[in-house]
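Here's the structure, in structure tokens; my notes come after.
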Amino acid sequence: MPVAHLSTAARAPRASAGLGPWIAFALILAFLLVFLILPVGTVIYTAFVTDTGALTVGHFGNFFDQLVFRESFFNSLWVALASTFFASVIALPLAYLTVRFEFRGALLIQTLGVLPLIMPPFVGAVALQLIFGRSGSVNLLLNDWFDITIPIMDGLVGVTFVESIHYFPFILLNLVAAMRNIDGAMEESALNLGARGWRLFRRVIFPLAMPGYLAGAALVFVKVFDDLGTPLVMGVTNMLAPQAYLRITSVGVDDPLGYVISVIMIVFSILALWLAARVMKGKDYATLQKGGGALQKRRLSKWEALLAYGWIALVLAVVLAPHAGILLMSLAQVWSFSVLPDSYTLAHYATVFSDARGMMANTLLYCVLAAGLDVVIGTAIAYLILRTRLPARQWLDWLASAALAIPGLVLAIGYLRLFKGVTLPGSDQLVVQTWVLIMLAYAVRRLPYALRSCMAALQQVHVSLEEAAQSVGASRLSTIRRVTVPLMAGGILAGFVTSFITAAVELSATLVLVSTESQAPMSLGIYLYMQSIAGRGPGAALGVLAVLVVGLGTYFSHRFVERSRATVNPSAKA
Numbered sequence: 008m009p010v011a012h013l014s015t016a017a018r019a020p021r022a023s024a025g026l027g028p029w030i031a032f033a034l035i036l037a038f039l040l041v042f043l044i045l046p047v048g049t050v051i052y053t054a055f056v057t058d059t060g061a062l063t064v065g066h067f068g069n070f071f072d073q074l075v076f077r078e079s080f081f082n083s084l085w086v087a088l089a090s091t092f093f094a095s096v097i098a099l100p101l102a103y104l105t106v107r108f109e110f111r112g113a114l115l116i117q118t119l120g121v122l123p124l125i126m127p128p129f130v131g132a133v134a135l136q137l138i139f140g141r142s143g144s145v146n147l148l149l150n151d152w153f154d155i156t157i158p159i160m161d162g163l164v165g166v167t168f169v170e171s172i173h174y175f176p177f178i179l180l181n182l183v184a185a186m187r188n189i190d191g192a193m194e195e196s197a198l199n200l201g202a203r204g205w206r207l208f209r210r211v212i213f214p215l216a217m218p219g220y221l222a223g224a225a226l227v228f229v230k231v232f233d234d235l236g237t238p239l240v241m242g243v244t245n246m247l248a249p250q251a252y253l254r255i256t257s258v259g260v261d262d263p264l265g266y267v268i269s270v271i272m273i274v275f276s277i278l279a280l281w282l283a284a285r286v287m288k289g290k291d292y293a294t295l296q297k298g299g300g301a302l303q304k305r306r307l308s309k310w311e312a313l314l315a316y317g318w319i320a321l322v323l324a325v326v327l328a329p330h331a332g333i334l335l336m337s338l339a340q341v342w343s344f345s346v347l348p349d350s351y352t353l354a355h356y357a358t359v360f361s362d363a364r365g366m367m368a369n370t371l372l373y374c375v376l377a378a379g380l381d382v383v384i385g386t387a388i389a390y391l392i393l394r395t396r397l398p399a400r401q402w403l404d405w406l407a408s409a410a411l412a413i414p415g416l417v418l419a420i421g422y423l424r425l426f427k428g429v430t431l432p433g434s435d436q437l438v439v440q441t442w443v444l445i446m447l448a449y450a451v452r453r454l455p456y457a458l459r460s461c462m463a464a465l466q467q468v469h470v471s472l473e474e475a476a477q478s479v480g481a482s483r484l485s486t487i488r489r490v491t492v493p494l495m496a497g498g499i500l501a502g503f504v505t506s507f508i509t510a511a512v513e514l515s516a517t518l519v520l521v522s523t524e525s526q527a528p529m530s531l532g533i534y535l536y537m538q539s540i541a542g543r544g545p546g547a548a549l550g551v552l553a554v555l556v557v558g559l560g561t562y563f564s565h566r567f568v569e570r571s572r573a574t575v576n577p578s579a580k581a
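Residue numbers (my numbering): 8 to 581.
Following this line, the structure appears as structure tokens:
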């Protein structure tokens, strides 16, 4: 439409002027080179060279010659594919039912469906063992009632179960957004031509929602394939990420097989994202209008509604089980071979507040600095891309977004290799023994999230507002500080909170980079507590606190964003 055309044109980037944009470009590029490209490049290089520096592929041959590594490779691939499949089985019906039918409580169901994301998967794994394990609540009841047990939490099956429950919201969120944007007229046409039920979904609805599904499914695959904490907590080491961690921590940072595993993890992460984009290439998924206005929701019959609500209740009971389990564990004085705890206590919380205050402080320090760095860099990249004509400025976006495909374990191993023997200026302390690398790993890993929020926020700021400020004498820097950034405040805060809450539960990089107990954040504290039966109560209490921090941060960020939108655009409520 003409309005959309004018809006796009009005936001077109202006010609760059002065040294400011060039200096910002150089600083950001230097940061990405030193803390992303060089560490990852070092990992890849080390996997292909001998001790003398000669190029070789022998390390890969050695990897595939050993049964434990071949088994780990296929196990990781199987678990990632199976988790993606079962996550799809959970997410597809939830999205379709709540978007396409008149469904009481649809928004609540979608909100509850996203809750697994605010709990670290390795924390949920322990809680799920107490509920669905061999001696868990469910199997105790099944054994009493029907004399059967279901070994759903054993080995690779258990890892798949935990990962599917934790990561299916990625598919749910993307599918809901994609289905809402489908033109309802296309579904009406299919109905008029006789398409019904499964045929309608298979031939019309799902193909049009394919971009959203593939985006979510690729992300689930990458997250599961690279996950370290969940297999370790469940005692499963015959997977790639645990093997890489064990090789680097037990054999040493010079062990080439650890780098070979890291390269394989990078390749498959990038391959998953590339395949998702490749499937959609050359296909048109566009519709003439958004689904929200034209969508005609249909009513379910009584029996259909009964089946739908029953199935959704079952799914939500399973996906919310980790939250219930971790809360009960944090309050349980004794919980062993019983459906529910035998007695309750607040002593675990007292232990946490007494012994783990340093971990909480470390978490706040690392995550606030990392999230702050992310929004500064994200805002700068967004400005350079959307408001200047610097050559190669798009490379900043591509480089920063590449961190999404780099496992935290691989980045941490790269830091250990790249900064090996490097000391702080004016000090004898090694860089790899400081907390600075932990914070930088958090920042680099979460930069894509903050960047997307900052880009979206700046795209909604009309360039004429900045031009008006400059027309009355404001400098470029003053305009950015007093006009652009305040108008982007909602998006910047959303990026900050997203980076903060996801960094707060980061474990892969933390396990490798923490060198002393005094540096440990909450995520490592939870993991260490969970290693013993006696420590699981305090670990659960610390996990509950982590979930509360993440949940409250998410809630208040949404409230702030909504208030910012209402302030900037008062007519939005009209």
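Glycine is no exception: its CB is placed at the ideal position from the N, C-alpha and C atoms.
At which residues does the beta strand (DSSP E) containing residue 341 begin and terminate?
-> What you label residue 341 is simply residue 334 of the sequence shown in a count that begins at 1. For residue 341, the uninterrupted beta strand (DSSP E) run begins and ends at 339-341, by DSSP.
Reducing DSSP to helix, strand and coil, say where residue 93 ends up.
-> Within the sequence shown, the letter at position 86 stands for residue 93. The answer is helix: DSSP assigns residue 93 an H, G or I state.
Taking contact to mean at least 3 C-beta pairs separated by less than 8 Å, is the stretch 260-274 in contact with the stretch 97-109?
-> Verdict: no, contact absent.
Output yes or no for whether 7 Å exceeds the beta carbon distance between residue 238 and residue 133.
-> What you label residue 238 is simply residue 231 of the sequence shown in a count that begins at 1. What you label residue 133 is simply residue 126 of the sequence shown in a count that begins at 1. No, these two residues do not count as a Cβ contact at 7 Å.
Any 3 or more C-beta pairs closer than 8 Å across the stretch 461-479 and the stretch 434-448 | no
Inter-residue Cα distance where the pair is residue 342 and residue 557 = In the sequence shown, the residue the question calls residue 342 occupies position 335. In the sequence shown, the residue the question calls residue 557 occupies position 550. C-alpha separation (whole angstroms): 27 Å.
Counting Cβ pairs, one atom from each stretch, are 3 or more of them under 8 Å apart for the stretch 412-431 and the stretch 39-54?
-> yes
Using the DSSP secondary-structure output, state which residues sit across from residue 350 in a beta bridge.
-> Residue numbering aside, residue 350 sits at position 343 when the sequence shown is read from its first letter. Looking at the DSSP assignment, residue 350 forms a beta bridge with 341.
C-alpha gap between residue 409 and residue 125, whole angstroms | The count along the sequence shown starts at 1 and reaches residue 409 at position 402. The count along the sequence shown starts at 1 and reaches residue 125 at position 118. Cα-Cα distance, rounded: 23 Å.
Going by beta carbon distance, what residues of the same chain come within less than 7 Å of residue 315, once the five residues before and after it are set aside?
-> Counting from 1 along the sequence shown, the entry for residue 315 is found at position 308. Excluding sequence neighbours, residue 315 sits near 104, 307.
Contact under 7 Å by Cβ, residue 5 with residue 465 | With the chain represented from 8 up to 581, any question about residue 5 goes unanswered, as that position is not in the structure.
Buried versus exposed call for residue 436 [16 or more other C-beta atoms within 10 Å across all chains shown] = For the purposes of this step, residue 436 is identified with residue 429 of the sequence shown, where counting begins at 1. Looking at its Cβ environment, which holds fewer than 16 other Cβ atoms inside 10 Å, residue 436 is exposed.
Residue 227 to residue 89, Cα distance in whole Å?
-> Counting from 1 along the sequence shown, the entry for residue 227 is found at position 220. Counting from 1 along the sequence shown, the entry for residue 89 is found at position 82. The alpha-carbon atoms of residue 227 and residue 89 are separated by roughly 10 Å.
Straight-line CA distance for residue 127 to residue 481?
-> The residue labelled residue 127 in the question sits at position 120 within the sequence shown. The residue labelled residue 481 in the question sits at position 474 within the sequence shown. Answer to the nearest angstrom: the Cα atoms are 46 Å apart.
In this structure, does DSSP put residue 56 in helix, strand or coil?
-> For the purposes of this step, residue 56 is taken as the residue at position 49 of the sequence shown. Judged by DSSP in its simplified three-state form, residue 56 adopts strand.
How about residue 329 and residue 131: do their beta carbons lie closer than 7 Å?
-> In the sequence shown, residue 329 corresponds to position 322, counting from 1. In the sequence shown, residue 131 corresponds to position 124, counting from 1. Yes. Within cutoff.
Give the DSSP bridge partners of residue 62, in chain order.
-> The sequence position of residue 62 within the sequence shown is 55, counting from 1. Answer is 56, bridged to residue 62.
Could you pull out every residue in the same chain whose Cβ sits closer than 6 Å to the Cβ of residue 429, ignoring the five residues on either side in sequence?
-> In the sequence shown, residue 429 corresponds to position 422, counting from 1. Only 438 meet the Cβ criterion.
Within 10 angstroms of the Cβ of residue 142, are there 16 or more other Cβ atoms? Answer buried if so, exposed if not.
-> Against the sequence shown, residue 142 aligns to sequence position 135. It counts as exposed.
Per DSSP, residue 237 forms a beta bridge with which residues?
-> As a first step, residue 237 must be located in the sequence shown, where it is residue number 230. Answer is none; residue 237 lacks a bridge partner.
Go ahead and pull the three-state DSSP assignment for residue 494.
-> In the sequence shown, counting from the first residue as 1, residue 494 sits at position 487. Residue 494 falls in the helix class under three-state DSSP.
Any alpha helix (DSSP H) of 4 or more consecutive residues that is wholly inside the stretch 375-410 | 401-408
Can you tell which of 339, 283, 325 has the C-alpha that lies nearest to the C-alpha of residue 353?
-> What you label residue 353 is simply residue 346 of the sequence shown in a count that begins at 1. With distances taken between Cα atoms, residue 353 lies closest to 339.
The alpha helix (DSSP H) enclosing residue 182, as first and last residue numbers | Position 175 of the sequence shown holds residue 182. Here the alpha helix (DSSP H) through residue 182 covers 162-187.
Sorted by chain position, which residues of the same chain lie with C-beta nearer than 7 Å to residue 35's C-beta, five sequence neighbours on each side aside?
-> By 1-based counting over the sequence shown, the position of residue 35 is 28. For residue 35, where only same-chain residues beyond five positions count, the Cβ hits under 7 Å are 384, 387, 388, 403.
Roughly how many angstroms separate the alpha carbons of residue 285 and residue 401, rounded to a whole number?
-> Against the sequence shown, residue 285 aligns to sequence position 278. Against the sequence shown, residue 401 aligns to sequence position 394. Roughly 21 Å between the two C-alpha positions.
Anyone know if the C-beta pair for residue 550 and residue 533 falls short of 7 Å?
-> The residue given as residue 550 occupies position 543 in the sequence shown. The residue given as residue 533 occupies position 526 in the sequence shown. Yes, Cβ-Cβ distance for residue 550 and residue 533 is below 7 Å.
If we ignore side chains and look at the alpha-carbon of each, how far apart do residue 479 and residue 497 end up?
-> Looking up residue 479 in the sequence shown gives position 472. Looking up residue 497 in the sequence shown gives position 490. Computed Cα separation, rounded: 26 Å.
Alpha carbon to alpha carbon, how far is residue 83 from residue 170? Give it in angstroms, no decimals.
-> The residue given as residue 170 occupies position 163 in the sequence shown. The residue given as residue 83 occupies position 76 in the sequence shown. Spanning the two alpha carbons is a distance of roughly 12 Å.
Residue 462 to residue 233, Cα distance in whole Å?
-> For the purposes of this step, residue 462 is taken as the residue at position 455 of the sequence shown. For the purposes of this step, residue 233 is taken as the residue at position 226 of the sequence shown. In a straight line, the C-alpha of residue 462 is about 27 Å away from that of residue 233.
How about residue 326 and residue 144: are their beta carbons less than 7 Å apart?
-> As a working mapping, residue 326 is identified with position 319 in the sequence shown. As a working mapping, residue 144 is identified with position 137 in the sequence shown. For the pair residue 326 and residue 144, the CB atoms are not nearer than the 7 Å cut-off.
When 223, 224, 504, 158 are compared against residue 378, the one with the closest alpha-carbon = For the purposes of this step, residue 378 is identified with residue 371 of the sequence shown, where counting begins at 1. When only C-alpha atoms are compared, the closest one is 504.
Have a look at residue 538 and residue 431 and give me their C-alpha separation to the nearest angstrom.
-> Within the sequence shown, the letter at position 531 stands for residue 538. Within the sequence shown, the letter at position 424 stands for residue 431. Each residue's alpha carbon lies about 34 Å from the other.
Would residue 149 pass as a contact of residue 156 if the rule is Cβ separation under 7 Å?
-> Numbered from its first residue, the sequence shown carries residue 149 at position 142. Numbered from its first residue, the sequence shown carries residue 156 at position 149. Yes, the Cβ-Cβ distance between residue 149 and residue 156 is below 7 Å.
Kindly indicate which three-state DSSP category residue 26 falls into: helix, strand or coil?
-> For the purposes of this step, residue 26 is identified with residue 19 of the sequence shown, where counting begins at 1. If DSSP states are grouped into helix, strand and coil, residue 26 belongs with coil.
Have a look at the DSSP bridge pairing and note the partners of residue 437.
-> Walking along the sequence shown from the start, residue 437 turns up at place 430. According to DSSP, residue 437 bridges with 430.
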